[in-house]
Every structure is written in C-alpha cells, then in structure tokens.
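Undergrad: Numbering (the numbering used here) for the sequence shown: 2 to 354.
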Amino acid sequence: MLEKLEQIKKTALTALTGIEGEEALNKWKTTHLGRSSAIMDAFKSMGSISKEDRGIMGRTANQVKLALQAALDEKKDALHQAAIQHALQEEKIDVTLPGYAIPRGRLHPATQTLREIYRVFADMGFQIYRSREVETDEYNFQLLNFPPHHPAREMQDSFYVASDADRGDNPILMRTHTSPGQIHAMRELTAEAPDNPPPVRIILPGMCYRYEQVSTRYESQFTQVEGLAVGKDITFSDLKGTLSDFARRMFGQDVASRFRASHFPFTEPSAEMDIECFLCGGAGCQVCKHSGWLEILGCGMVHPNVLSNGGYDPERYTGFAFGMGPERITMLRHHIEDIRYFWANDMRFLEQF
Ligand code: PHE
2 MLEKLEQIKK TALTALTGIE GEEALNKWKT THLGRSSAIM DAFKSMGSIS
52 KEDRGIMGRT ANQVKLALQA ALDEKKDALH QAAIQHALQE EKIDVTLPGY
102 AIPRGRLHPA TQTLREIYRV FADMGFQIYR SREVETDEYN FQLLNFPPHH
152 PAREMQDSFY VASDADRGDN PILMRTHTSP GQIHAMRELT AEAPDNPPPV
202 RIILPGMCYR YEQVSTRYES QFTQVEGLAV GKDITFSDLK GTLSDFARRM
252 FGQDVASRFR ASHFPFTEPS AEMDIECFLC GGAGCQVCKH SGWLEILGCG
302 MVHPNVLSNG GYDPERYTGF AFGMGPERIT MLRHHIEDIR YFWANDMRFL
352 EQF
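1. Inspect the beta-carbon positions of Arg131 and Leu190 and report whether they are closer than 9 angstroms.
2. According to DSSP, which residues form a beta bridge with Ile173?
3. Please go through the same chain and pick out, in chain order, the residues whose beta-carbon is closer than 6 angstroms to the beta-carbon of His185, but skip the five residues on each side of it.
4. When you measure from the CB of Gln128 to every non-hydrogen atom of the ligand PHE, does any distance come out below 8 angstroms?
5. Would you kindly work out how many angstroms separate the C-alpha atoms of Ile129 and Ile203, rounded to a whole number?
6. Among Ile94, Thr179, Gln113 and Ile20, which one has its Cα closest to the Cα of Ala79?
7. Determine the direct distance from the alpha carbon of Gly253 to that of Gly169, and round the result to whole angstroms.
8. Please specify which runs of the alpha helix (DSSP H), each continuous and at least 4 residues long, are wholly inside the segment 87-164, giving them in chain order.
9. Where are the alpha helix (DSSP H) runs, 4 residues long or more, that stay fully inside the segment 180-261, in chain order?
10. Mind checking Met47: buried by the 16 CB within 10 Å criterion, or exposed?
11. Quick one, which of Thr97, Arg120, His109 and Asp239 has its alpha-carbon nearest Trp344's?
12. Taking the continuous alpha helix (DSSP H) assigned at Trp29, which residues delimit it?
13. Count the other CB atoms, across all protein chains shown, that sit within 10 Å of the CB of Met348; report buried if there are 16 or more and exposed otherwise.
14. With 16 as the cutoff for other CB atoms within 10 Å, does Ser216 come out buried or exposed?
15. For the beta strand (DSSP E) that contains Val303, what are its first and last residues?
16. Could you round the C-beta distance between Ala322 and Thr224 to whole angstroms and report it? I think they count as a contact, below 8 angstroms.
17. Do the segment 140-147 and the segment 295-308 touch if we need at least three Cβ pairs shorter than 8 angstroms?
18. Identify, in the order they occur along the chain, each residue of the same chain with its Cβ nearer than 7 angstroms to the Cβ of Pro327, setting aside the five sequence neighbours on each side.
19. From which residue to which residue does the beta strand (DSSP E) around Phe323 run?
20. Kindly indicate which three-state DSSP category Glu338 falls into: helix, strand or coil?
21. What is the DSSP secondary structure of Met2, counted as helix, strand or coil?
22. State the DSSP-derived secondary structure class of Asp275, mapped to helix, strand or coil.
23. Grab me the residues of Ile330's own chain with a C-beta within less than 6 angstroms of its C-beta, minus the 5 sequence neighbours each way, in chain order.
24. Touching or not, the segment 51-63 and the segment 23-31, by the rule of three or more beta carbon pairs under 8 angstroms?
25. Taking 8 angstroms as the cut-off, does the CB of Thr331 come closer than this to any heavy atom belonging to the ligand PHE?
26. Can you tell me which of the three DSSP states Ser37 falls into?
27. Three or more C-beta pairs closer than 8 angstroms, one from the segment 268-286 and one from the segment 227-234: is that the case here?
28. Are the CB atoms of Arg341 and Glu220 nearer to each other than 9 angstroms?
29. I'd like to confirm something about His185: is its beta-carbon nearer than 8 angstroms to some heavy atom of the ligand PHE, or not?
30. Is Gly320 near the ligand PHE - that is, is its Cβ less than 8 angstroms away from at least one heavy atom of it?
31. Taking just the CA atoms, how far does Asn310 sit from Gly1?
If you want it as structure tokens, here you go:
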C-alpha cells in the first residue's frame, strides 16, 4: 500500500511537469486530486486496512495529497508568472525608438513671399486692404483710364463671367490686376469725408486672372500686390525712396535698384523698377539674362483721372502706386523655371518649401 501511494505521487508529479496551460492544469487536478482520483480511492479504501497499518497509511496518504496540492499551487504560480513574463515581452515598448513624424502642413511658397512683402510694408506704415476678385469692366478698366479699345479688354485677355450678356459695356469679369482695388479703397475713404479725405497708405494683395496662353512664364491665375499712397505733396521721389527701401528690406541692404520709364494707363509718369540680380550680384547670369538686373515691379504717379475717379481732387492730392508679382519674385529667389508649378498643386513641388 505504501508503495502504491508512492506510485500515485510519482505518476501525478510526472504528469504535472509536462503541463503548460491552464486548461491542462484543471484536467490534471480532476484526474489526480478529484473525487475519483487514485489518491481519493486510497482514502476510501482505508476501512479495509488493518488497524495497526491504518495510522501510517492515513498519514502517508494525507502527505501525498498535500504534496500534490502543493505541487499544483506551485505550478499554478509558475504558469501565472510565465504568462506575465510573456505579456511583458510581447507588449514591450522601446521608448528609445524614433517616433512617427506627423506630417505637417506648410505655407505655399507664394504665400511665404507675400507675408514677407506684408511685413516690409507694414513696417513702413502700410495697411492691408482686401478687394474683390470678381469685378466690373468699369472698375477693372474704365475708372483706371483704360482707353475704350485697349487690348487688355479683349476676350483674349480677360475671363468674362458667363451671365453678363445684358450688361452692355460694363460686363463682369475676373479682375486682371489688383489695381481696381485702388478705386474701391479711395471711394470708401472719400465717402466718409468727401471734402477732406484722409491720406492713403495701403497694399492690396490678391489673386488675378488672365486669359493667357499658359507657358513657363505666364499663368492664367497669379497673385499681385498692389500698393497705393495718396496724400498732399507726394512726389516721384517718395515713390523712388519707398520702393528702393522696400527692395533693400526685402532683398538685402546692399541691393541696388533702378527705374526705367514705362507706360500704364492709370499712372503718369510710369516706370518699372529693376533690382540688381541677387544671384550674380550684377555680373550677369542666366536668370538675369546677362543684363545684371531683374525686373521686380511696375509703378508710377497716380493719374489725375484715377485720383478724381476715387474722389480725391487731383489739384490738392497726389499719389503713387505700384504692382508686383509674388510668384515672379519667388521664382527668382528659388531658381524656379516654370510658373505653372505654383498652382498645379503638385506635392513634390510644394514640399520643397
Ligand atoms: N496693374 C499693373 C499690372 O498688372 C501693375 C501696376 C500697378 C503698375 C500699379 C503701376 C501701378 O501690370
């Protein structure tokens, strides 16, 4: 009998060593410690054992049972520990691994240039004035002194809005430049104080549209920044001083600029400003076409007709205006050779800025 008990213990413990999961462990418990297990059968058979042997048998059986119980608890614990260890391994977080960079948006290159232009003019006391993108022929051309048959008014150059068939000689169109904003701004100010309107010092940024043959140099949409200063005793030297200073603040303190006579219907006299090529320093390169100069903007003294169309008496007020293309400036700065990249929304282009 003692041997049998020893055998029961051995069998059970051997079976236990191979167990790896909870389910198998429960099964083992039923088989080796359950009601119809060998050890329980041994207890049940105690009655048929002689009185002298019963003491030692009972004690031994009890020891076996306790030993099995203890082995079970130990195994349970070991399995539990192993499970924790496994989970720790599996779910390990290496905090030293580099994280995923969240893709961040960025400013469009033309917007970056625009903001620099805003900053420079804001420092010089100019305010930003926003004007509409859809205009009438009157504001876009007539009030700006465009002669009746000026080529810019032709179908080839302007986008007309489809539903304007009955508007006669004042059709609706997408503005071809930011200059109509000059009239809107002056009229807004003179409406409040017709006899003594305040001085004007504004820039007017925004998108313009032209029915262009699209090419590397011409797009059908582009931004412009218009500038307008109106007041008493404003002269051409104020224009030159302001714009040369703009060039220095925008492109560097040493940059030289020059003015060339030009023509715009709404300014008289008119000029174009060049800056010394900032790529070759004036020595001549591909970008400046070996001239040493880059054309940056158009400008001039506000035409008397335009002043009076805005409500400013040209006998008492004078002013200057200018217009520049941020895309062109951006192209020069970054050696961009095709203006079509700007509004094509190609991420490969935009991500470079
Ligand atoms: N509106 C002109 C253009 O589109 C630029 C300009 C603005 C020139 C103001 C002179 C004064 O070309």
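Where is the CB? At the ideal position from N, CA and C, for every residue including glycine.
TA: According to the data block:
1. no
2. Thr137
3. Ser132
4. no
5. 6 angstroms
6. Ile20
7. 49 angstroms
8. 110-124 and 138-141
9. 181-193 and 237-252
10. exposed
11. His109
12. Glu23 to Leu34
13. exposed
14. exposed
15. Trp294 to Val303
16. Contact flag wrong, Cβ pair sits at about 17 angstroms.
17. yes
18. Ala111, Thr114, Leu115, Ile118, Thr224 and Val226
19. Thr319 to Met325
20. coil
21. coil
22. strand
23. Thr114
24. no
25. no
26. coil
27. no
28. yes
29. no
30. no
31. Coverage of the chain is limited to positions 2 through 354, which leaves residue 1 absent and any answer about it impossible.
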